[in-house]
Amino acid sequence: MSVRFSEDVVPLSDLKVNPDKVIDRVQESHRPILLTSHGRGVAVVQRLEDYEKTLEELRFVKAVAQGVMESEAQGKVVDADEVHEWLASWGTDDEKDAPGSGQ
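Numbers 130 to 232, taken from this note's numbering, label the letters of the sequence shown in order.
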């Protein structure tokens with residue numbers, strides 16, 4: 130759902146004159162439309178379902194970031210090199226325990 134500036138920027142006056150056309154474009158493209166006034170962005174028109182999905186994704190990303198910060202604060206973060214070494218050892222005679230497993 131990336132904005133195509135050549136197609137998705139609409140003067141506010143166009144929305145005032147023909148709102149159905151703008152709404153139809155948003156519904157069909159699933160892309161937000163940037164409304165401008167005097168050449169400056171003033172608002173975004175977006176499908177409700179797409180807006181709700183974006184909010185849900187944002188909440189998820191924030192929850193993951195919060196979890197990572199809490200894990201770091203508690204010293205529960207595992208170095209990426211340790212994970213790579215562990216994964217490389219799978220199925221070998223020298224298979225290692227999972228990093229951070231305490232075994």
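Built from N, CA and C at the ideal position, the CB exists for glycine as well.
Let's see if you can read the secondary structure: which residues bound the beta strand (DSSP E) around Thr165?
The residue given as residue 165 occupies position 36 in the sequence shown. Segment Ile162 to Ser166, the beta strand (DSSP E) holding Thr165.
Around the C-beta of Pro148, are 16 or more other C-beta atoms found within 10 angstroms, so that it is buried, or is it exposed?
For the purposes of this step, residue 148 is taken as the residue at position 19 of the sequence shown. Its Cβ having fewer than 16 others within 10 Å, Pro148 is exposed.
The alpha helix (DSSP H) spanning Ala227 covers which residue range?
Within the sequence shown, residue 227 is the residue found at index 98, counting from 1. Unbroken run through Ala227: none, as it is neither H nor E.
So, are the CB atoms of Ser218 and Glu211 less than 8 Å apart?
Sequence index remark: in the sequence shown, residue 218 carries index 89 (1-based). Sequence index remark: in the sequence shown, residue 211 carries index 82 (1-based). The answer is no: Cβ separation not under 8 Å.
Do you know offhand how far Gly229's Cα is from Leu216's?
Taking the sequence shown and counting its residues from 1, the one referred to as residue 229 is at position 100. Taking the sequence shown and counting its residues from 1, the one referred to as residue 216 is at position 87. For Gly229 and Leu216, the distance between alpha carbons rounds to 13 Å.
Can you list, in chain order, the residues of its chain whose CB lies under 6 Å from that of Gly170, leaving out five sequence neighbours each side?
Mapped onto the sequence shown, residue 170 falls at position 41. Around Gly170: Leu163.
Could you tell me whether the region 198-210 touches the region 166-181, using the rule of 3 or more Cβ pairs below 8 Å?
With the cut-off at 8 Å, the region 198-210 and the region 166-181 do not touch.
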